[in-house]
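The first sequence begins at 46 in the numbering used here and counts up by one.
Glycine is no exception: its CB is placed at the ideal position from the N, C-alpha and C atoms.
Each remark here refers to the structure printed beneath this line.
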Amino acid sequence: MTVRTRFAPSPTGYLHIGGVRTALFNWLFTRHHGGQFILRIDDTDQQRNVAEALAPILHGFRWLGLNWDEGAEVGGPHGPYHQSQKTARYQEAARQLVECGFAYYDYATTEEIAGEREAAEKEKRSFVYSRRWMAATPAERARFEAEGRKGVLRLNMFREGACRFTDLIRGDVSVDWAREQDHVIQRADGTCLYHLASVVDDEDMKITHVIRSEEHLSNTPRQIFIAQGLGYELPQYAHLPYVAAPGGKEKLSKRKIAQYLKNPEFKKVYEHGHAIAEAVGLHTSADTFNPVIVDFYEQVGYLPDAILNYLVLLGWSLDDKTEFFSRDEMIRLFSMERVNKAPASFDPKKLFSFQERYMMQLPVEEKTAMCLPYLQKAGLVAAGSVEVTAKVKAMVAAAGDRLKVAGDILEYRDFFLPDDQVVDNADPGTFEKRLKKPPEAAGLLRKFRDRLASATAFDAASLEALMNDFVQAEGIQVGQIIHAVRVAVTGKAVGFGLFETLALLGKEHSVARIDRSLERL
RNA sequence: GGCCCCGUCGUCUAGAGGUCUAGGACACGGCCCUUUCAAGGCCGCGACACGGGUUCGAAUCCCGUCGGGGUCACCA
Numbered sequence: 046m047t048v049r050t051r052f053a054p055s056p057t058g059y060l061h062i063g064g065v066r067t068a069l070f071n072w073l074f075t076r077h078h079g080g081q082f083i084l085r086i087d088d089t090d091q092q093r094n095v096a097e098a099l100a101p102i103l104h105g106f107r108w109l110g111l112n113w114d115e116g117a118e119v120g121g122p123h124g125p126y127h128q129s130q131k132t133a134r135y136q137e138a139a140r141q142l143v144e145c146g147f148a149y150y151d152y153a154t155t156e157e158i159a160g161e162r163e164a165a166e167k168e169k170r171s172f173v174y175s176r177r178w179m180a181a182t183p184a185e186r187a188r189f190e191a192e193g194r195k196g197v198l199r200l201n202m203f204r205e206g207a208c209r210f211t212d213l214i215r216g217d218v219s220v221d222w223a224r225e226q227d228h229v230i231q232r233a234d235g236t237c238l239y240h241l242a243s244v245v246d247d248e249d250m251k252i253t254h255v256i257r258s259e260e261h262l263s264n265t266p267r268q269i270f271i272a273q274g275l276g277y278e279l280p281q282y283a284h285l286p287y288v289a290a291p292g293g294k295e296k297l298s299k300r301k302i303a304q305y306l307k308n309p310e311f312k313k314v315y316e317h318g319h320a321i322a323e324a325v326g327l328h329t330s331a332d333t334f335n336p337v338i339v340d341f342y343e344q345v346g347y348l349p350d351a352i353l354n355y356l357v358l359l360g361w362s363l364d365d366k367t368e369f370f371s372r373d374e375m376i377r378l379f380s381m382e383r384v385n386k387a388p389a390s391f392d393p394k395k396l397f398s399f400q401e402r403y404m405m406q407l408p409v410e411e412k413t414a415m416c417l418p419y420l421q422k423a424g425l426v427a428a429g430s431v432e433v434t435a436k437v438k439a440m441v442a443a444a445g446d447r448l449k450v451a452g453d454i455l456e457y458r459d460f461f462l463p464d465d466q467v468v469d470n471a472d473p474g475t476f477e478k479r480l481k482k483p484p485e486a487a488g489l490l491r492k493f494r495d496r497l498a499s500a501t502a503f504d505a506a507s508l509e510a511l512m513n514d515f516v517q518a519e520g521i522q523v524g525q526i527i528h529a530v531r532v533a534v535t536g537k538a539v540g541f542g543l544f545e546t547l548a549l550l551g552k553e554h555s556v557a558r559i560d561r562s563l564e565r566l
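Put into structure tokens, the structure is as follows:
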């Protein structure tokens with residue numbers, strides 16, 4: 046039997062990180078077993094602008110490299126893959142349920158149902174619909190309709206016995222049928238609801254394993270009821286623990302961003318990303334730009350592999366030591382048996398540390414390609430000429446491990462700014478400490494400047510040799526000059542290695558910046 | 001509130017009765033390296049929710065308590 050799984054987002058306009066974790070587990074399980082992964086669109090609720098709300102989700106999947114074999118945009122033999130296009134099919138299934146006695150027409154108003162519910166609550170018993178407005182025959186239907194009532198279709202749920210099934214993660218599950226309501230499966234206007242649609246689709250698409258978040262655990266009995274009523278063979282179920290909020294246990298939600306921002310680590314990751322987004326002129330409302338949404342990571346310049354590696358560890362582990370997995374390793378090693386039952390909270394700082402590691406391993410060429418667009422969007426370089434690419438590549442090489450995400454290249458924008466501007470914006474405290482205060486600084490800097498001006502080679506190694514000669518000739522410690530030069534040339538106390546910095550700047554700019562600094566002393 | 005689920009360092013986790021004075025990772029603190037920063041190296045801090053059983057022996061099994069969470073739609 047070929048394993049077939051699905052992820053079924055509704056078009057909400059964004060891709061939630063918890064959703065990705067669920068999708069990832071589906072994807073890994075499927076790839077591990079050599080099956081097919083289907084991306085179905087749950088849009089029964091007839092939203093407007095489905096295409097628009099769907100685009101970011103599909104884009105996110107593609108960016109992450111979670112490919113699907115059938116579904117939205119790619120099609121396949123078991124379509125359509127949009128629930129909105131299967132209205133007739135669901136109605137047919139609903140009719141079949143009525144015929145077999147698993148569903149009935151009901152004419153209660155919303156208020157009447159609410160009234161029964163309140164009464165039950167008042168008497169402290171659990172609510173079960175009385176079926177007072179149930180229409181068992183066509184004649185009764187006609188009578189209710191003559192009163193002007195509108196009929197919906199409800200499940201004719203069992204009122205005794207228990208629903209039992211085995212969940213791949215939670216083990217044997219048993220729920221009394223009496224706890225289940227006569228859920229509505231079709232509205233008065235003929236449109237069908239999620240549970241019916243979902244069960245029918247799983248059948249039509251030959252889904253063998255329903256792997257989803259545990260919020261759906263309580264939906265399972267009613268879906269089993271529908272499936273059995275329709276004579277379908279049941280899929281295997283696996284209910285994953287949900288992804289919890291940073292430092293908490295409640296479900297991760299994009300709306301609670303304000304609360305998460307009180308968590309210092311979350312805040313740090315958010316602000317780091319925010320600064321980059323601002324610099325490239327991105328619209329950053331908390332609604333769309335937010336570490337709970339995958340798009341955040343793409344905008345800031347994270348690596349998809351790092352994100353997936355972090356996410357696979359949220360509720361799954363191989364052993365007591367292994368933390369890094371390539372995609373192939375993940376696929377090979379993943380198993381549902383090692384999925385945890387307890388929710389795992391989302392820790393953006395740990396995600397960031399995976400990002401750091403993956404970034405370190407990335408070849409300079411690839412980092413350069415990732416960084417270039419940020420410099421372009423920030424208006425610092427023109428679109429990729431050979432010279433620009435070469436310069437950025439040299440910067441990326443000099444930056445080494447300092448670039449944690451691609452957008453970090455913007456921290457080094459000073460290389461593209463006018464010399465005077467950089468010097469004039471020098472950090473006052475640093476300028477004071479390294480240039481003004483030490484009595485010998487100005488003199489040494491002037492002499493060093495002259496050496497630079499007459500240097501014949503301006504690569505990092507030659508500059509280091511030049512520095513060594515200078516230090517020896519003057520009989521000073523390297524620390525007496527090197528900090529002064531750094532500040533004179535960058536206005537800052539921190540940055541790349543000094544010789545790389547000078548080489549990157551070139552002789553002309555290096556000397557110009559020193560001159561400008563000397564003027565300000 | 002009913003029903004259900006979960007409970008090992010702050011966080012992600014290893015742990016299926018003795019190998020646990022509970023292991024790894026992130027974060028945090030300290031030291032070292034060092035032209036700054038980053039990286040790296042070393043060290044440290046830090047958990048079996050609690051109470052009863054069962055057993056020669058329990059983080060592991062059972063019961064209870066407490067705590068946290070999910071879910072109770074003509075949403076998906």
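Going by beta carbon distance, what residues of the same chain come within less than 6 Å of residue i, once the five residues before and after it are set aside?
i	result
Ala538	Thr475
Gly116	Ile83, Leu84, Arg85, Tyr126
Thr211	Asp217
Three-state secondary structure (DSSP) at residue i?
i	result
Ser258	strand
Ile352	helix
Phe461	helix
Glu115	strand
Ser562	helix
Gln522	coil
Ser390	strand
Val314	helix
Val325	coil
Tyr277	coil
Tyr347	coil
Met179	strand
Ile338	strand
Val220	strand
Phe493	helix
His319	helix
Gln226	coil
Val539	coil
Ala331	coil
Within a Cβ cutoff of 8 Å, which residues of the same chain sit near residue i, ignoring the five residues on either side of it in sequence?
i	result
Phe334	Gly318, His319, Ala322, Leu327, His328, Asp340, Phe341, Gln344
Ala487	Leu480, Leu563, Leu566
Beta-carbon separation of residue i and residue j under 8 Å?
i	j	result
Arg479	His554	no
Gly146	Asn71	no
Leu73	Phe379	yes
Gly536	Asp453	no
Val314	Ile271	no
Tyr287	Thr89	no
Val468	Ser562	yes
Gln273	Thr253	no
Asp392	Pro291	yes
Ala442	Val409	yes
Ala423	Val556	no
Leu111	Ala68	yes
Ala548	Asp495	no
Val65	Leu356	yes
Val450	Gln406	no
Ala148	Leu198	yes
Leu275	Leu142	yes
If I measure Cβ to Cβ from residue i and keep anything under 7 Å in the same chain, skipping five residues before and after, which residues do I get?
i	result
Gly58	Ala98, Pro101
Ile214	Ala283, His284, Leu285, Met381, Val384, Lys386
Leu543	Ile527, Val530, Arg531
Ala481	It is Lys, not Ala, that sits at residue 481 in the sequence shown. Leu566, listed in sequence order.
Arg267	Leu200, Glu225, His228, His240
So if DSSP puts residue i in a beta bridge, which residue, or which two residues, is it bridged to?
i	result
Gln231	Leu198, Cys237
Lys296	Ala289
Tyr282	Asp212, Val255
Gln81	Arg49
Ala577	Coverage of the chain is limited to positions 46 through 566, which leaves residue 577 absent and any answer about it impossible.
Trp361	Val384
Ile86	His127
Under the criterion of a Cβ to heavy atom distance below 7 Å, does residue i qualify as lining the ligand GDP?
i	result
Lys395	Among the components modelled here there is no ligand, and therefore nothing to report on the ligand GDP.
**Study point:** Segments of 3+ residues assigned as beta strand (DSSP E) that fall wholly inside the segment 112 to 174
**Key:** 148 to 151
Point to revise | Every unbroken alpha helix (DSSP H) within the segment 406 to 473, with a cutoff of 4 residues, ordered by chain | key: 409 to 422, 431 to 444, 464 to 469
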